[in-house]
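Quick note on numbering: the numbering used here labels position 22 of the sequence shown as 998, and the sequence is numbered without any gaps. Built from N, CA and C at the ideal position, the CB exists for glycine as well. This report concerns only the one structure given below.
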Amino acid sequence: MSAVPPRLAVVAALHEELSDWLAQLPDRRCERVAGRDVWVATFRGQSIVVTLSGIGKVAAATTATLLIQRFGVQRIVFTGVAGGLGPGVAVGDVVVARRLLQHDMNAWPLVPRHEVPGYGRAHFETDTALSDTLAWACEQALLDMGLPTQRLHQGLIISGDQFVSDTAAAQALQRDLPDALAVEMEGAAFAQVCHDHGVPLAVVRTISDRADDDAHTDFSQFLRDFASPYSQAMLNRWFT
Ligand code: SAH
């Protein structure tokens, strides 16, 4: 008899990214907890839990805790959009996080800038095996969409409670954190909660904008036209 795979949560930041995919899950059952809709379902033989993280680090931390403590989730995969920061990270590219950091954490001079007090670290790593599988699923999804696999990047994603939509602010982040590939608002909070509970996490972000003066327009257009096809392609490959 084959082992039952550990229960997996699929989380997105925004409704637009999940609704089409969620509609494909035939036996989904919705529970409303802490102001959130959480769907429990089976997809291609796996028990899964699907929800939206809410926007920002606090909403994300509440969601991650809820998934682990109340729904018994043993692995989490997060899919969302983000602003591209690294020089080669363009709109429509895909970034799989290998580590995450809160760019607005600053308890200096008590601890070095970006370090989370009490943890002795600024970076939180994602799970290697889960991220390898996610990167593979993203490569396959890019091919399915007729896009080159060079559009996949892997490395540091940074999170903070700001929608970065200002060229000077994006440049300042790049100066402070030159390894950062993308900026968003939830991933590092998930990483910290998953670290606390020893739960493996993988995070993927599709680049919706460049976090610059045009970010607001690019973000809205990407969300309308591309967010759903990207996440559907990735999730369908993930579950093959
Ligand atoms: N339209 C939403 C707000 C979206 S906030 C509303 O009205 O409720 C932006 C979302 O996309 C966040 O979940 C964040 O993680 C991600 N994101 C995309 N581009 C970003 C950027 N340039 N800076 C920060 N977060 C970004």
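{"Asked": "Excluding the 5 residues flanking L994 on each side, which residues of the same chain have their C-beta closer than 6 angstroms to its C-beta?", "Found": "A988"}
{"Asked": "Does the beta carbon of G1056 fall short of 7 angstroms from some heavy atom of the ligand SAH?", "Found": "yes"}
{"Asked": "Specify, as a first and last residue, the run of the beta strand (DSSP E) that V1026 falls within.", "Found": "Q1022 to L1028"}
{"Asked": "For E992, does the three-state DSSP call read helix, strand or coil?", "Found": "helix"}
{"Asked": "Measuring only the C-alpha atoms, how far is G1048 from A1105?", "Found": "20 angstroms"}
{"Asked": "When burial is assigned at 16 or more other CB atoms within 10 Å of the CB, is C1006 buried or exposed?", "Found": "exposed"}
{"Asked": "For A989, verify whether its CB is less than 7 angstroms away from any heavy atom of the ligand SAH.", "Found": "yes"}
{"Asked": "Could you tell me which of A1148, R1200, G1030 and D1003 sits nearest to M1161, measuring between CA atoms?", "Found": "G1030"}
{"Asked": "Within its chain, find whatever has a CB closer than 7 angstroms to the CB of V1284; leave out the 5 residues flanking it on each side and keep chain order.", "Found": "Examination of residue 1284 is not possible in this model, given that the chain is present from 977 through 1216 alone."}
{"Asked": "So is the beta-carbon of S995 under 7 angstroms away from any non-hydrogen atom of the ligand SAH?", "Found": "no"}
{"Asked": "Using a Cβ-Cβ cut-off of 8 angstroms (strictly less than) and excluding sequence neighbours within five positions of D1069, which residues of its own chain qualify?", "Found": "G1060, R1127, L1128, H1129, T1182 and I1183"}
{"Asked": "Under 7 angstroms Cβ to Cβ from M1210, same chain only, skipping five residues before and after it: list those, please.", "Found": "T1055, A1113, C1114, A1117 and V1180"}
{"Asked": "Examine the Cβ distances between the stretch 1188 to 1207 and the stretch 1140 to 1148 and report whether three or more of them are shorter than 8 angstroms.", "Found": "yes"}
{"Asked": "Between which two residues does the beta strand (DSSP E) holding Q1078 run?", "Found": "V1070 to Q1078"}
{"Asked": "Answer yes or no: do V1053 and A1178 have a C-beta to C-beta separation smaller than 8 angstroms?", "Found": "yes"}
{"Asked": "Quick one: using the 10 Å Cβ neighbour count with 16 as the cut-off for buried, is S1135 buried or exposed?", "Found": "buried"}
{"Asked": "State the DSSP-derived secondary structure class of W1112, mapped to helix, strand or coil.", "Found": "helix"}
{"Asked": "If distances are taken between C-alpha atoms only, which option among V1016, P1154 and Q1022 comes closest to L1028?", "Found": "V1016"}
{"Asked": "I need the boundaries of the beta strand (DSSP E) containing H1099, first residue and last residue.", "Found": "Counting along the chain, H1099 falls outside any beta strand (DSSP E), and DSSP gives it neither H nor E."}
{"Asked": "Please identify the residue among R1200, F1166, T1216 and L1157 whose C-alpha is closest to the C-alpha of A1066.", "Found": "L1157"}
{"Asked": "Is DSSP giving I1133 helix, strand or coil here?", "Found": "strand"}
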